[in-house]
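J.: Input: one structure, supplied below.
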Amino acid sequence: MEGINYYNNLIDKLISEGIEPFVTLFHWDSPQVLEQQYGGFLSQLIVEDFKDYASICFREFGDRVKYWITFNEPWSFSIGGYSSGTYAPGRCSSSAKPGCSMGDSGREPYIVAHNQLLAHAAAVQVYRDKYQIEQKGKISITIVSNWIIPYSNSKEDKDASKRALDFMYGWFMDPLTKGHYPLSMKTLVGNRLPKFTKEQARAVKGSFDFIGLNYYSARYARNTKHKSNTKESYSTDSQTDQRVERNGTYIGPKAGSSWLYIYPRGIEELLLYTKKTYNNPTIYITENGVDEINNENLPLQEALIDNTRIEFYQQHIFYVQRALKQGVDVRGYFAWSLF
121 MEGINYYNNL IDKLISEGIE PFVTLFHWDS PQVLEQQYGG FLSQLIVEDF KDYASICFRE
181 FGDRVKYWIT FNEPWSFSIG GYSSGTYAPG RCSSSAKPGC SMGDSGREPY IVAHNQLLAH
241 AAAVQVYRDK YQIEQKGKIS ITIVSNWIIP YSNSKEDKDA SKRALDFMYG WFMDPLTKGH
301 YPLSMKTLVG NRLPKFTKEQ ARAVKGSFDF IGLNYYSARY ARNTKHKSNT KESYSTDSQT
361 DQRVERNGTY IGPKAGSSWL YIYPRGIEEL LLYTKKTYNN PTIYITENGV DEINNENLPL
421 QEALIDNTRI EFYQQHIFYV QRALKQGVDV RGYFAWSLF
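In C-alpha coordinates:
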(Lines of atoms letter the chains of each structure in order from A and count residues from 1; the text may use other names and numbers.)
(Lines give C-alpha, C1' and ligand atoms only; values in the text may rest on other atoms or scores of the structure.)
Protein backbone atom coordinates (compact mmCIF):
# COMPACT_ATOMS: atom_id res chain seq x y z
CA MET A 1 0.00 0.00 0.00
CA GLU A 2 2.93 2.40 0.49
CA GLY A 3 3.51 2.57 -3.25
CA ILE A 4 -0.17 3.14 -3.98
CA ASN A 5 -0.34 5.85 -1.31
CA TYR A 6 2.72 7.55 -2.77
CA TYR A 7 1.25 7.72 -6.25
CA ASN A 8 -2.18 8.73 -4.97
CA ASN A 9 -0.58 11.70 -3.25
CA LEU A 10 1.51 12.54 -6.32
CA ILE A 11 -1.47 12.39 -8.68
CA ASP A 12 -3.62 14.46 -6.34
CA LYS A 13 -0.89 17.09 -6.05
CA LEU A 14 -0.47 17.31 -9.81
CA ILE A 15 -4.18 17.80 -10.33
CA SER A 16 -4.38 20.40 -7.55
CA GLU A 17 -1.70 22.38 -9.42
CA GLY A 18 -3.61 22.16 -12.70
CA ILE A 19 -1.33 19.51 -14.24
CA GLU A 20 -2.90 16.67 -16.28
CA PRO A 21 -1.13 13.37 -15.46
CA PHE A 22 0.11 11.25 -18.36
CA VAL A 23 1.14 8.04 -16.61
CA THR A 24 3.71 5.58 -17.97
CA LEU A 25 3.47 2.05 -16.55
CA PHE A 26 6.91 0.78 -17.62
CA HIS A 27 10.11 2.74 -18.14
CA TRP A 28 12.75 -0.03 -18.22
CA ASP A 29 12.56 -1.05 -14.53
CA SER A 30 11.63 -4.73 -14.69
CA PRO A 31 11.01 -6.27 -11.23
CA GLN A 32 14.07 -8.22 -10.13
CA VAL A 33 11.96 -11.05 -8.76
CA LEU A 34 10.51 -11.68 -12.23
CA GLU A 35 13.98 -11.53 -13.78
CA GLN A 36 15.04 -14.26 -11.38
CA GLN A 37 11.88 -16.37 -11.70
CA TYR A 38 11.62 -16.59 -15.47
CA GLY A 39 13.89 -14.04 -17.16
CA GLY A 40 11.53 -11.07 -17.24
CA PHE A 41 10.61 -10.00 -20.75
CA LEU A 42 12.46 -12.94 -22.27
CA SER A 43 9.43 -15.02 -21.27
CA GLN A 44 5.80 -14.67 -22.32
CA LEU A 45 4.93 -15.29 -18.68
CA ILE A 46 5.52 -11.54 -18.29
CA VAL A 47 2.37 -10.80 -20.28
CA GLU A 48 -0.06 -11.97 -17.60
CA ASP A 49 1.94 -10.37 -14.81
CA PHE A 50 2.10 -7.05 -16.63
CA LYS A 51 -1.64 -7.19 -17.30
CA ASP A 52 -2.30 -7.74 -13.58
CA TYR A 53 0.01 -4.86 -12.64
CA ALA A 54 -1.67 -2.56 -15.16
CA SER A 55 -5.11 -3.54 -13.89
CA ILE A 56 -4.15 -2.56 -10.33
CA CYS A 57 -3.01 0.85 -11.60
CA PHE A 58 -6.22 1.37 -13.58
CA ARG A 59 -8.31 0.39 -10.56
CA GLU A 60 -6.45 2.57 -8.06
CA PHE A 61 -5.67 5.65 -10.14
CA GLY A 62 -7.96 5.61 -13.17
CA ASP A 63 -10.59 7.84 -11.60
CA ARG A 64 -8.06 10.68 -11.96
CA VAL A 65 -5.61 9.50 -14.63
CA LYS A 66 -7.11 9.94 -18.10
CA TYR A 67 -4.01 9.24 -20.20
CA TRP A 68 -2.10 5.97 -19.89
CA ILE A 69 1.09 4.86 -21.63
CA THR A 70 1.95 1.19 -21.22
CA PHE A 71 5.61 1.22 -22.31
CA ASN A 72 8.08 4.01 -22.87
CA GLU A 73 10.38 3.31 -25.83
CA PRO A 74 10.24 -0.49 -26.12
CA TRP A 75 12.98 -0.13 -28.76
CA SER A 76 15.39 1.39 -26.22
CA PHE A 77 14.69 -1.29 -23.62
CA SER A 78 15.06 -4.10 -26.16
CA ILE A 79 18.26 -2.79 -27.74
CA GLY A 80 19.94 -1.28 -24.69
CA GLY A 81 19.11 -4.21 -22.46
CA TYR A 82 19.49 -7.14 -24.85
CA SER A 83 21.60 -6.13 -27.87
CA SER A 84 24.25 -3.60 -26.82
CA GLY A 85 24.11 -4.47 -23.11
CA THR A 86 24.26 -0.80 -22.10
CA TYR A 87 21.01 -0.82 -20.07
CA ALA A 88 19.70 -3.26 -17.50
CA PRO A 89 19.74 -6.23 -17.52
CA GLY A 90 22.91 -5.80 -19.58
CA ARG A 91 22.56 -8.84 -21.82
CA CYS A 92 24.32 -9.16 -25.18
CA SER A 93 26.57 -11.38 -27.25
CA SER A 94 30.26 -11.28 -26.40
CA SER A 95 30.89 -10.03 -29.94
CA ALA A 96 28.71 -6.98 -29.27
CA LYS A 97 30.45 -5.88 -26.08
CA PRO A 98 33.67 -7.16 -24.55
CA GLY A 99 32.97 -8.89 -21.27
CA CYS A 100 29.31 -9.51 -22.02
CA SER A 101 28.84 -12.98 -20.59
CA MET A 102 25.09 -13.51 -21.03
CA GLY A 103 22.72 -12.95 -23.89
CA ASP A 104 22.25 -13.22 -27.64
CA SER A 105 22.22 -9.94 -29.58
CA GLY A 106 20.76 -11.66 -32.62
CA ARG A 107 17.70 -13.16 -30.91
CA GLU A 108 16.88 -11.69 -27.51
CA PRO A 109 16.07 -8.12 -28.64
CA TYR A 110 13.36 -9.47 -30.93
CA ILE A 111 11.91 -11.72 -28.22
CA VAL A 112 11.81 -8.89 -25.69
CA ALA A 113 10.20 -6.46 -28.14
CA HIS A 114 7.62 -9.09 -29.08
CA ASN A 115 6.71 -9.73 -25.45
CA GLN A 116 6.43 -6.01 -24.77
CA LEU A 117 3.94 -5.70 -27.61
CA LEU A 118 1.94 -8.64 -26.28
CA ALA A 119 1.99 -7.22 -22.74
CA HIS A 120 0.94 -3.83 -24.08
CA ALA A 121 -1.98 -5.37 -25.97
CA ALA A 122 -3.07 -7.34 -22.89
CA ALA A 123 -3.05 -4.19 -20.75
CA VAL A 124 -5.02 -2.26 -23.36
CA GLN A 125 -7.58 -5.07 -23.58
CA VAL A 126 -8.19 -5.17 -19.82
CA TYR A 127 -8.46 -1.37 -19.74
CA ARG A 128 -11.01 -1.35 -22.56
CA ASP A 129 -12.97 -4.26 -21.13
CA LYS A 130 -13.14 -3.20 -17.47
CA TYR A 131 -12.28 0.46 -17.00
CA GLN A 132 -12.38 2.72 -20.04
CA ILE A 133 -16.12 3.26 -20.36
CA GLU A 134 -16.51 4.31 -16.74
CA GLN A 135 -13.21 6.17 -16.36
CA LYS A 136 -13.34 7.81 -19.81
CA GLY A 137 -9.58 7.69 -20.33
CA LYS A 138 -7.25 6.90 -23.22
CA ILE A 139 -4.38 4.43 -23.47
CA SER A 140 -1.40 3.93 -25.72
CA ILE A 141 2.34 3.26 -26.00
CA THR A 142 5.30 5.57 -26.65
CA ILE A 143 7.61 4.86 -29.59
CA VAL A 144 10.98 6.52 -30.18
CA SER A 145 12.56 7.03 -33.58
CA ASN A 146 15.28 8.94 -35.32
CA TRP A 147 14.54 10.43 -38.69
CA ILE A 148 16.62 8.67 -41.36
CA ILE A 149 18.12 10.38 -44.41
CA PRO A 150 19.68 8.49 -47.35
CA TYR A 151 23.45 8.92 -47.39
CA SER A 152 23.31 9.48 -51.14
CA ASN A 153 20.69 9.68 -53.90
CA SER A 154 21.35 6.09 -54.94
CA LYS A 155 18.47 3.64 -54.86
CA GLU A 156 20.51 1.42 -52.54
CA ASP A 157 20.87 4.15 -49.93
CA LYS A 158 17.23 5.21 -50.26
CA ASP A 159 16.20 1.60 -49.64
CA ALA A 160 18.62 1.48 -46.70
CA SER A 161 17.01 4.55 -45.12
CA LYS A 162 13.62 2.86 -45.31
CA ARG A 163 15.03 -0.32 -43.74
CA ALA A 164 16.59 1.71 -40.94
CA LEU A 165 13.18 3.23 -40.19
CA ASP A 166 11.59 -0.22 -40.32
CA PHE A 167 14.05 -1.61 -37.78
CA MET A 168 13.49 1.25 -35.31
CA TYR A 169 10.00 2.66 -35.91
CA GLY A 170 8.17 0.15 -38.07
CA TRP A 171 9.22 -2.64 -35.70
CA PHE A 172 6.47 -1.37 -33.40
CA MET A 173 4.25 0.80 -35.58
CA ASP A 174 3.60 -1.92 -38.16
CA PRO A 175 2.24 -4.43 -35.60
CA LEU A 176 0.21 -1.69 -33.91
CA THR A 177 -1.43 -0.58 -37.15
CA LYS A 178 -1.20 -3.64 -39.42
CA GLY A 179 -0.83 -6.63 -37.11
CA HIS A 180 2.54 -7.82 -38.43
CA TYR A 181 6.22 -6.86 -38.60
CA PRO A 182 7.71 -4.98 -41.59
CA LEU A 183 8.55 -7.12 -44.60
CA SER A 184 12.19 -6.02 -44.45
CA MET A 185 12.49 -7.38 -40.91
CA LYS A 186 10.80 -10.65 -41.78
CA THR A 187 13.11 -11.05 -44.76
CA LEU A 188 16.40 -10.15 -43.07
CA VAL A 189 15.85 -11.52 -39.56
CA GLY A 190 14.07 -14.68 -40.71
CA ASN A 191 13.14 -17.25 -38.09
CA ARG A 192 14.84 -15.25 -35.34
CA LEU A 193 11.91 -12.81 -35.53
CA PRO A 194 8.96 -14.10 -33.47
CA LYS A 195 5.61 -14.52 -35.19
CA PHE A 196 2.22 -13.38 -33.96
CA THR A 197 -0.58 -15.91 -33.83
CA LYS A 198 -3.80 -14.75 -35.49
CA GLU A 199 -5.27 -14.01 -32.06
CA GLN A 200 -2.18 -12.06 -30.98
CA ALA A 201 -2.15 -10.06 -34.21
CA ARG A 202 -5.79 -9.08 -33.68
CA ALA A 203 -5.02 -8.02 -30.11
CA VAL A 204 -1.99 -5.90 -31.04
CA LYS A 205 -3.48 -4.25 -34.13
CA GLY A 206 -5.34 -1.11 -33.13
CA SER A 207 -4.31 -1.34 -29.47
CA PHE A 208 -3.94 2.42 -29.05
CA ASP A 209 -6.09 5.53 -28.72
CA PHE A 210 -3.16 7.76 -29.67
CA ILE A 211 0.55 7.30 -30.36
CA GLY A 212 3.19 8.71 -28.03
CA LEU A 213 6.17 9.76 -30.13
CA ASN A 214 9.66 10.60 -28.86
CA TYR A 215 11.98 12.42 -31.25
CA TYR A 216 15.50 13.68 -30.65
CA SER A 217 17.83 13.20 -33.59
CA ALA A 218 18.49 11.96 -37.12
CA ARG A 219 20.96 9.74 -38.95
CA TYR A 220 22.27 9.16 -42.45
CA ALA A 221 21.83 5.59 -43.69
CA ARG A 222 24.00 3.85 -46.25
CA ASN A 223 23.45 0.40 -47.72
CA THR A 224 25.84 -2.32 -46.60
CA LYS A 225 26.34 -5.93 -47.49
CA HIS A 226 27.54 -7.95 -44.55
CA LYS A 227 30.06 -10.72 -44.97
CA SER A 228 28.89 -14.30 -44.66
CA ASN A 229 30.78 -14.69 -41.40
CA THR A 230 29.10 -11.67 -39.75
CA LYS A 231 27.66 -12.73 -36.40
CA GLU A 232 23.89 -12.44 -36.07
CA SER A 233 23.00 -9.20 -34.33
CA TYR A 234 20.28 -6.58 -34.37
CA SER A 235 22.99 -4.01 -35.08
CA THR A 236 23.81 -5.61 -38.46
CA ASP A 237 20.48 -7.21 -39.42
CA SER A 238 19.13 -4.13 -41.23
CA GLN A 239 22.19 -4.11 -43.54
CA THR A 240 22.61 -0.38 -43.04
CA ASP A 241 25.48 1.81 -41.95
CA GLN A 242 23.99 4.64 -39.88
CA ARG A 243 26.10 7.67 -39.14
CA VAL A 244 25.89 11.33 -38.12
CA GLU A 245 28.43 12.61 -40.68
CA ARG A 246 28.43 12.85 -44.47
CA ASN A 247 31.36 14.12 -46.52
CA GLY A 248 32.93 15.73 -43.48
CA THR A 249 29.79 17.57 -42.35
CA TYR A 250 27.74 16.56 -39.33
CA ILE A 251 23.98 16.19 -39.60
CA GLY A 252 23.60 18.86 -36.93
CA PRO A 253 25.18 20.38 -33.82
CA LYS A 254 26.20 17.91 -31.11
CA ALA A 255 24.39 18.09 -27.77
CA GLY A 256 25.56 16.85 -24.38
CA SER A 257 24.63 13.21 -24.99
CA SER A 258 26.89 11.29 -27.35
CA TRP A 259 23.92 10.13 -29.46
CA LEU A 260 22.14 13.48 -29.78
CA TYR A 261 22.83 15.57 -32.87
CA ILE A 262 20.29 18.32 -33.39
CA TYR A 263 18.20 18.06 -36.58
CA PRO A 264 14.92 19.97 -36.08
CA ARG A 265 13.43 19.29 -39.51
CA GLY A 266 13.43 15.59 -38.70
CA ILE A 267 10.45 15.93 -36.38
CA GLU A 268 8.34 17.27 -39.26
CA GLU A 269 9.56 14.54 -41.60
CA LEU A 270 8.81 11.82 -39.06
CA LEU A 271 5.33 13.21 -38.40
CA LEU A 272 4.55 13.39 -42.12
CA TYR A 273 5.90 9.86 -42.61
CA THR A 274 3.63 8.66 -39.80
CA LYS A 275 0.61 10.34 -41.36
CA LYS A 276 1.30 8.78 -44.76
CA THR A 277 2.38 5.32 -43.63
CA TYR A 278 0.15 4.71 -40.62
CA ASN A 279 -3.15 6.41 -41.50
CA ASN A 280 -2.61 9.64 -39.56
CA PRO A 281 -3.05 8.51 -35.94
CA THR A 282 -3.56 10.99 -33.12
CA ILE A 283 -0.08 11.84 -31.79
CA TYR A 284 1.33 13.31 -28.62
CA ILE A 285 5.00 14.29 -28.76
CA THR A 286 5.85 12.69 -25.42
CA GLU A 287 9.55 13.58 -25.43
CA ASN A 288 11.55 16.18 -27.33
CA GLY A 289 14.46 18.08 -25.86
CA VAL A 290 18.19 18.54 -25.54
CA ASP A 291 20.96 18.37 -22.97
CA GLU A 292 23.86 20.79 -23.22
CA ILE A 293 27.55 19.95 -23.11
CA ASN A 294 28.56 20.33 -19.48
CA ASN A 295 30.77 23.25 -18.50
CA GLU A 296 31.24 23.08 -14.76
CA ASN A 297 33.30 26.27 -14.78
CA LEU A 298 30.45 28.38 -16.13
CA PRO A 299 29.16 30.94 -13.59
CA LEU A 300 25.56 30.40 -12.49
CA GLN A 301 24.25 33.58 -14.09
CA GLU A 302 25.74 32.58 -17.43
CA ALA A 303 24.47 29.01 -17.11
CA LEU A 304 20.95 30.35 -16.63
CA ILE A 305 21.12 31.99 -20.06
CA ASP A 306 19.68 28.92 -21.73
CA ASN A 307 19.92 29.93 -25.38
CA THR A 308 20.76 26.46 -26.69
CA ARG A 309 17.62 24.94 -25.23
CA ILE A 310 15.46 27.93 -26.20
CA GLU A 311 16.61 27.67 -29.81
CA PHE A 312 16.09 23.90 -29.80
CA TYR A 313 12.47 24.22 -28.71
CA GLN A 314 11.74 27.14 -31.03
CA GLN A 315 13.05 25.23 -34.02
CA HIS A 316 11.33 21.93 -33.24
CA ILE A 317 7.98 23.51 -32.38
CA PHE A 318 8.21 25.45 -35.66
CA TYR A 319 8.46 22.16 -37.56
CA VAL A 320 5.66 20.59 -35.51
CA GLN A 321 3.48 23.55 -36.52
CA ARG A 322 4.39 22.95 -40.15
CA ALA A 323 3.30 19.33 -39.81
CA LEU A 324 0.03 20.43 -38.20
CA LYS A 325 -0.69 22.70 -41.16
CA GLN A 326 -0.22 19.67 -43.42
CA GLY A 327 -2.86 17.71 -41.55
CA VAL A 328 -0.86 15.69 -39.02
CA ASP A 329 -3.03 15.08 -35.93
CA VAL A 330 -0.70 16.29 -33.15
CA ARG A 331 -2.58 17.01 -29.91
CA GLY A 332 0.22 17.82 -27.45
CA TYR A 333 3.95 18.33 -26.86
CA PHE A 334 6.05 17.43 -23.81
CA ALA A 335 9.45 19.06 -23.31
CA TRP A 336 12.19 16.64 -22.23
CA SER A 337 13.60 18.71 -19.41
CA LEU A 338 15.37 16.35 -16.99
CA PHE A 339 18.81 17.62 -17.98
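Residue numbers for the sequence shown follow the working numbering, beginning at 121 and rising by one. All C-beta atoms, glycine included, are put in the ideal place defined by N, C-alpha and C.
Scan the segment 359–431 and note each continuous alpha helix (DSSP H) run of 4 residues or more that stays entirely inside, going in chain order.
T.: Listed in chain order, the complete alpha helix (DSSP H) runs (minimum 4 residues) inside the segment 359–431 are 385–397, 420–423.
J.: Rounded to whole angstroms, what's the CA-CA distance from TYR230 to ASP357? Just pull it up for me.
T.: Distance between the alpha carbons of TYR230 and ASP357: 11 angstroms.
J.: Please determine, among SER272, LEU308, GLU168, the residue with the shortest C-alpha to C-alpha distance to ARG227.
T.: Closest option to ARG227, Cα to Cα, is LEU308.
J.: Cutting at 7 angstroms between CB atoms, please list the residues of its own chain near PHE161, excluding the five before and the five after it.
T.: Here the set comprises SER150, VAL232, ASN235, GLN236.
J.: Leaving out five residues on either side along the sequence, give the residues of the same chain with a beta carbon under 8 angstroms from the beta carbon of ARG366.
T.: Taken in chain order, the residues that qualify are TYR271, TYR340.
J.: Pull up the CB-CB distance for VAL244 and THR190, whole angstroms please, since I reckon it's below 8 angstroms.
T.: The pair is a contact, with the Cβ atoms about 7 angstroms apart (cut-off 8 angstroms).
J.: Among ILE269, PHE178, GLY257, GLN156, which has the Cα closest to the Cα of ASN343?
T.: Comparing Cα positions, the closest option is ILE269.
J.: Quick one: is the Cβ of HIS147 within less than 7 angstroms of any heavy atom of the ligand NAD?
T.: Looking for the ligand NAD in the displayed structure turns up nothing, as the structure carries no ligands at all.
J.: Using alpha carbons as the reference points, say which of THR428, SER260, PHE454 lies closest to PHE330.
T.: Measuring from the Cα of PHE330, the nearest candidate turns out to be SER260.
J.: Can at least three beta-carbon pairs, one atom from the segment 431–448 and one from the segment 394–407, be found at a separation below 8 angstroms?
T.: The segment 431–448, when compared against the segment 394–407, does touch it at the 8 angstroms Cβ threshold.
J.: Check this for me: beta carbons of TYR354 and SER203, under 8 angstroms apart or not?
T.: Contact: yes.
J.: How would you write the range of the alpha helix (DSSP H) that TYR247 sits in, first residue to last?
T.: Counting along the chain, the alpha helix (DSSP H) containing TYR247 begins and ends at 228–250.
J.: Roughly how many angstroms separate the alpha carbons of ALA338 and PHE287, rounded to a whole number?
T.: Taking the straight line from one Cα to the other gives about 14 angstroms.
J.: Does the count of Cβ pairs from the segment 433–440 and the segment 373–392 closer than 8 angstroms reach three?
T.: Yes: at least three Cβ pairs fall under 8 angstroms.
J.: SER214 by DSSP, collapsed to three states: which one?
T.: If DSSP states are grouped into helix, strand and coil, SER214 belongs with coil.
J.: Quick check on GLY326: buried or exposed, where buried means 16 or more other Cβ atoms within 10 Å of its Cβ?
T.: So GLY326 ends up on the exposed side.
J.: Within its chain, find whatever has a CB closer than 6 angstroms to the CB of VAL448; leave out the 5 residues flanking it on each side and keep chain order.
T.: Result list for VAL448: LEU391, LYS395, in chain order.
J.: Helix, strand or coil for GLY447 per DSSP?
T.: Coil.
J.: For TYR127, tell me which candidate among TRP148, ARG179, THR206, PRO373 has the shortest Cα-Cα distance.
T.: It is ARG179.
J.: If I follow the unbroken alpha helix (DSSP H) through PRO194, where does it start and stop?
T.: Taken as a continuous stretch (DSSP letters only), the alpha helix (DSSP H) holding PRO194 covers 194–202.
J.: Under three-state DSSP, which class holds PRO270?
T.: In this structure, PRO270 counts as strand in the three-state DSSP scheme.
J.: So, at 7 angstroms on beta carbons, what are the nonlocal neighbours of SER457 in its own chain, with the 5 sequence-adjacent residues on each side left out?
T.: Closer than 7 angstroms at the Cβ level, and outside the excluded window around SER457, lie GLY409.
J.: Going by DSSP, name the residue or residues bridged to LYS258.
T.: Bridge partners of LYS258: TYR187.
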